[in-house]
Structures are given as structure tokens and as C-alpha cells.
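Student: If you're matching positions, the sequence shown starts at 233 in my numbering and goes up one per residue.
Glycine included, each C-beta is placed from N, C-alpha and C at the ideal position.
Remember, predicted model here, so these are calculated numbers, not experimental data.
To start, I am sharing the structure in question, which I have written as C-alpha cells.
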Amino acid sequence: MARYLRGAMLALTAAGLLLTGCGAGSENSATDSSDNSGGGYHPAPAPDSGEYDQDDGESSREVAPSPDHLSTFALDVDTASYGYARRTLAEGRLPDPSTIRPEEFVNSFRQDYDRPDGDGFSVTVDGARTNREDWSLVRVGLATRAAADEEERPPAALTFVIDISGSMSEEGRLDLAQESLGVMTDRLRNDDSIAIVTFSDEAETVLPMTRLGENRDDIHEAIDSLEPTLSTNLGAGVETGYATAVEGLREGATNRVVLISDALANTGDTDADTILERVAGARQEYGITLFGVGVGSDYGDALMERLADKGDGNTVYVSGEEEANQVFSEQLPRNIDLTARDAKAQVAFDPETVEEFRLIGYDNRQVADEDFRDDSVDGGETGPGHTVTALYAVRTTPNAEGRLATATVRWQDPNSRTPHEESGQLETDSLDDSIWSAGPRFQVTATAAYFADALRRGDDRWDSLPGAPGLSELGDRADELAEATQDKAVDELSEAIDQAERLT
């Protein structure tokens, strides 16, 4: 192990020279802007090695999944797991631990990262010590440019694939989708286009791709005519939706399929991979992305997440009129454009200062370390106004000093497919002394991650996070943060934690 660490240190030292040569940044982070499409430093593949030994008697399972001190994952801006957990708790039930994805809890909250001027990302790396000796939480924050004014974005060609199966008759499903689509139709620009596909036991194109312009009344009529019918052939809906999107494809526009469903597929193809294989050509040739909107108290979370992850898109969950209005009337129209395709992040931890680390969440988004710069390997898609946060539990060496981590994000230009990279670093002396003395947004991030951690306890696939407070203390922290930030979303987090505490 000592021999390996010395070799890894040499490699990471070389990486530091190449990645920080042009860096400049704030007290807690630095950024380096570079285009490494033609070569440069390539991290060595993870070598075969045994698990780390623990000298504190605690389990080390999955704490250090990459003994080479590299961690690589595809970016993800999904938030559905958190939205569905809030809905379940509000109904007086604890969510199934298998539906809890910590990264989606963390990514549900506004962050304080600097934003880049153009397409691409800024990189912020900061951290704080926990009350468990030598353990810290390290936050890697990626941000895209702010969303442009509504009139400055490209036109949109949106194909809505709407579930009208019998299960969608429950209040807060199809009726919510119809109301939200109606509001969005009034919000979109005249040069935007909409198509509508419905599915139950079969799929049907209700409205071909139609410019809004003088056709808003016809679009409203199509939306209002939707009624729940039979079973759920989600596969047929997705396939017909993509075929309709290709038929109505608009050059120079953002072409996207928006799937609205409870994802309780029970007819036809019910496997996400099989469904996506049938539309692979349309996705890859025309770059049509998938945006999944989950609804309903019973919700096929796993299927919707898989469809979005493999369909170059993302998912949200809406449980009420206010959330639906925000998604359809604000988020979707504002963030129609794409700023990055196949984005991946790689974090290199310095073996001189880091003994163990664990990425919190992103279980379904892991990428082999050697595939970081392989642009044929799928990553994540992001648009303007997005932030992506990855949180790590990190155990430092005793009295560690110096470089702790270097985080690099790689993405492709959405039009030219030219690859670009950006990096940020964290030094040990930049760690805050305590999570609860760090900045408010860092504290919100930690609170959301600890909450997710608490909700999936009992599932022995995951160890608890270091320094995890009980739900009572966590609720008190969230109350204080809601007051400090005056952020309604943080207030809702506090309420959800209180509900979970009562149920446990």
C-alpha cells in the first residue's frame, strides 16, 4: 500500500502542475479554464487493490471505492427523489429507502456558487470538518451560466407525452398536468412549438408539432380534451413521442420530449433499457433529450429515473399546483436551452492528505475512472441556471497539510461537440472548523444530505455519514437555516424533517 501511495502521489503531483498552472480563485477554491481535447494529463486507471484497512474498528465497506483516490461520475440535476419523499412524508408515511437518492436531495436547493460568463461550468470546492475526528464533508459545486432572458433563448420544440391511463384519474395527476400545460401554453413564445402524444394501452398523437402563434386556442382545446382511460403502455408512449418529435424536428430549436406520468407501467415494454433501445436512433442522431415529470402518490420512481438518466435528461416530481406551476411555467421555459452535453466530473484526492473518501449518492451515475476523457461514454446534460453539487465524506490523515482535492468537470459543447474542461482545488487549511460554522448554503447542503442519510437507514447497502445528527437536532438546524436564508425551500425541508421525526 505504501508503495502504491507513493506512485499515486507522483501521478497526482503531475496532475496538480498541469491543472493548476493557470489557476486563480477565492479563499476556498480555485478555478482553471482549459480545453484539453487534444491531450494533456490523463489520470491512470484505477489499479486492482484490496480494501483499505481500518484501525478504528468501524466498517470500511464502500468508504473508499477507488483506492487510486479518483472518483468519477456523470452529472445529474434530478430532484425527483426529494420531491417524492416530501409527498410521502406529508401523507404520513416514511419513504422506501430504495427511493432515496442523496444527490437529488442536495440538488433541490439553491447554491451560492459563482457562475461562468459563457457556456460551460464554474467549479467551487469547499469543505468543513465534522465532529468525528479526522472526518470532513467536502462539497464540489458546478454551476452553469445564468438563464438568459426569455426572448434571448432559442425557440423550443416540445413533444409532451402524457399518461392518460386509469391510474392518472386520481386527483393531482392528469388534472394537474392539464392545468400546468395550459398555463405553460400561455407562457411560451409565438415561435415555440408543441406536440401532444397520449398513451394508455396504446399511444396516439393528439396534436402534431404546432407553432403557438395563432394556434393557442387549438392547443388549449387539445389539452382540455384529455381523459383517463385504460392501462399504462409507457413504452408505446415514449416510442410514439420520439417519432412525433422527429417528424416535427426544428433546426435551430431545442427539441425535447417531456414525459408526464406516474410511471406505473403495466402493459407492453416495462423495462427502461428496452424502451430506450427503441428510440436510440432518434435520441442519438437528433440529440432529443428527455425531461421526466413524475406525479401521483404511487409513483414508479425507479423506471422514471432510469429513463431520464439513460435518455440524456432529468426528472422532477410534482405533488401539487404550486410545484407544477413552478416546473412548467418557470423552470421548463427558462431552461429549455442546453449548455453542456455528456458532462462528467472527476475528483482526485491527494493520498498524502486523504485516507478514505466516499461520494454521497450518485450510485447510478458512476463512471469508470479511465472513461473520464472518453467522450463516447455517456455523461449528463445541463442547461442555463443549473447547479450540480457532489458531497464527499473524507477522512484526512492526522495533521494533514496541503492539497486535499482537485475537481475537474469535462463536457461537450451542445452544438459542436467540442470537449472542454474546468478545474478547482481545495487545500486542507481552507476547511471550515465545523459544518455548523460554515456558510449558510453549505449548511443547507449538509442538512439535506444528512436528512437523506437518515431516511435510508436500515438499508445496509450504505453506511451512515460521519457526524450525522439525530433528526431532532437536524430539524433545529433546518429551522435556524430557514430563518437565516429566508428561503421557502429550506423552510419546507425543516417541515419534512419534523414529519420524519414524528413518524420514527
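Assuming T547 contacts A540 under a Cβ cut-off of 8 Å, what Cβ separation, rounded to an integer in Å, is found between them?
Tutor: With 8 Å as the limit, T547 and A540 qualify as a contact, their Cβ atoms being about 4 Å apart.
Student: Write down every uninterrupted run of the alpha helix (DSSP H) in the region 694-731 whose length is 4 residues or greater and which is fully enclosed by it, in chain order.
Tutor: You should have 703-717.
Student: With the cut-off set at 7 Å, would you say L623 and A681 are in Cβ contact?
Tutor: Yes.
Student: Mapping the DSSP letters down to three states, classify Q675 as helix, strand or coil.
Tutor: In this structure, Q675 counts as helix in the three-state DSSP scheme.
Student: Pick out whichever of D300, T437, G615 has its Cα sitting closest to the Cα of L522.
Tutor: When only C-alpha atoms are compared, the closest one is G615.
Student: Below 6 Å CB to CB, which residues in the same chain sit around K542 once its five sequence neighbours on both sides are set aside?
Tutor: Answer for K542: L508, listed in chain order.
Student: 7 Å is my cut-off, CB to CB: does L539 come that close to chain D?
Tutor: You won't find chain D in this structure, because it holds only one protein chain.
Student: Please classify R693 as buried or exposed, where buried requires at least 16 neighbouring CB atoms within 10 angstroms.
Tutor: The residue in question, R693, is exposed, as its Cβ has fewer than 16 Cβ neighbours within 10 Å.
Student: With the cut-off set at 7 Å, would you say L444 and D418 are in Cβ contact?
Tutor: Cβ distance not < 7 Å, so L444 and D418 don't count as in contact.
Student: Use the C-beta contact count for Q731: other C-beta atoms within 10 angstroms, 16 or more gives buried, fewer gives exposed.
Tutor: So Q731 counts as buried.
Student: Return the chain-ordered ranges of every beta strand (DSSP E) run that is complete within the region 417-447 and spans a minimum of 3 residues.
Tutor: Complete beta strand (DSSP E) runs here, min 3: 425-431, 435-443.
Student: How about G611 and V357: do their beta carbons lie closer than 7 Å?
Tutor: The answer is no: Cβ separation not under 7 Å.
Student: Taking only the alpha-carbon atoms, compute the straight-line gap between V722 and F341 and give it to the nearest angstrom.
Tutor: If you take the alpha carbons of V722 and F341, they lie about 8 Å apart.
Student: If Y345 and T619 are in contact, beta carbons under 8 Å, what's the gap, nearest whole angstrom?
Tutor: 6 Å between Cβ atoms; contact.
Student: For the beta strand (DSSP E) containing T547, list its first residue and its last residue.
Tutor: Where T547 is concerned, the enclosing beta strand (DSSP E) stretches over 546-549.
Student: What's the gap between the Cα of H652 and the Cα of E727?
Tutor: Approximately 41 Å between the Cα atoms of the pair.
Student: Between G756 and the rest of its own chain, which residues show a CB-CB distance below 6 Å, the 5 nearest in sequence each way excluded?
Tutor: This structure cannot settle anything about residue 756, because the visible part of the chain is limited to 233 through 736.
Student: Using alpha carbons as the reference points, say which of D606, T331, L687 lies closest to T736.
Tutor: The shortest C-alpha separation from T736 is found at L687.
Student: Taking A514 as the reference, give the member of R488, R627, T717 with the closest Cα.
Tutor: Looking at the Cα atoms, R488 is the closest of the given residues.
Student: Just to confirm the assignment, what range does the alpha helix (DSSP H) spanning R538 have?
Tutor: Counting along the chain, the alpha helix (DSSP H) containing R538 begins and ends at 533-542.
Student: Should N339 go down as buried or exposed, given a rule of 16 or more other Cβ atoms within 10 Å for buried?
Tutor: So N339 ends up on the buried side.
Student: Provide the residue span of the alpha helix (DSSP H) that contains R515, from first to last.
Tutor: 512-518 is the extent of the alpha helix (DSSP H) around R515.
Student: How should T650 be labelled, buried or exposed, when 16 other C-beta atoms within 10 angstroms of its C-beta is the threshold for buried?
Tutor: Answer is exposed; the Cβ neighbour count stays below 16.
Student: From this set, S368, Y549, T506, which residue's C-alpha is nearest Y316's C-alpha?
Tutor: Looking at the Cα atoms, Y549 is the closest of the given residues.
Student: Near A378, what residues of its chain come up, given a Cβ to Cβ distance below 7 Å and the 5 sequence neighbours on each side ignored?
Tutor: Correct list, in chain order: R347, P616, G617.
Student: For the region 595-609 against the region 621-636, are there 3 or more C-beta pairs whose distance is under 8 Å?
Tutor: No: fewer than three Cβ pairs fall under 8 Å.
Student: Mind checking N422: buried by the 16 CB within 10 Å criterion, or exposed?
Tutor: The residue is exposed, with fewer than 16 neighbouring Cβ atoms inside 10 Å.
Student: When the Cα atoms are used, what is the spatial distance from I396 to G469?
Tutor: Distance between the alpha carbons of I396 and G469 is about 10 Å.
Student: Could you spell out the range, first to last residue, of the beta strand (DSSP E) harbouring F337?
Tutor: Per DSSP, F337 belongs to no beta strand (DSSP E); it is in the alpha helix (DSSP H), 334-338.
Student: What beta strand (DSSP E) runs, 3 residues minimum, are completely inside the region 447-512?
Tutor: Listed in chain order, they are 486-493.
Student: Quick one: using the 10 Å Cβ neighbour count with 16 as the cut-off for buried, is R318 buried or exposed?
Tutor: With 16 or more Cβ atoms within 10 Å of its Cβ, R318 is classed as buried.
Student: For I729, which residues of its own chain have a beta-carbon under 7 Å away from its beta-carbon, when the five flanking residues on both sides are left out?
Tutor: Closer than 7 Å at the Cβ level, and outside the excluded window around I729, lie F683, L703, L706, G707, A710.
Student: Take the Cβ of L462 as the centre, count every other Cβ of all protein chains shown within 10 Å, and call the residue buried at 16 or more, exposed below.
Tutor: Classification for L462: exposed.
Student: According to the neighbour-count rule (16 or more other Cβ atoms, all chains shown, within 10 Å of its Cβ), is A716 buried or exposed?
Tutor: When all chains shown are included, A716 counts as exposed.
Student: Can you list, in chain order, the residues of its chain with a C-beta nearer than 7 Å to that of E733? Leave out the 5 residues immediately preceding and following it.
Tutor: Once the five neighbours on either side are set aside, the close Cβ partners of E733 are L703, S704, G707.
Student: Compute the Euclidean distance between the alpha carbons of V586 and A322, then round it to the nearest angstrom.
Tutor: Answer to the nearest angstrom: the Cα atoms are 40 Å apart.
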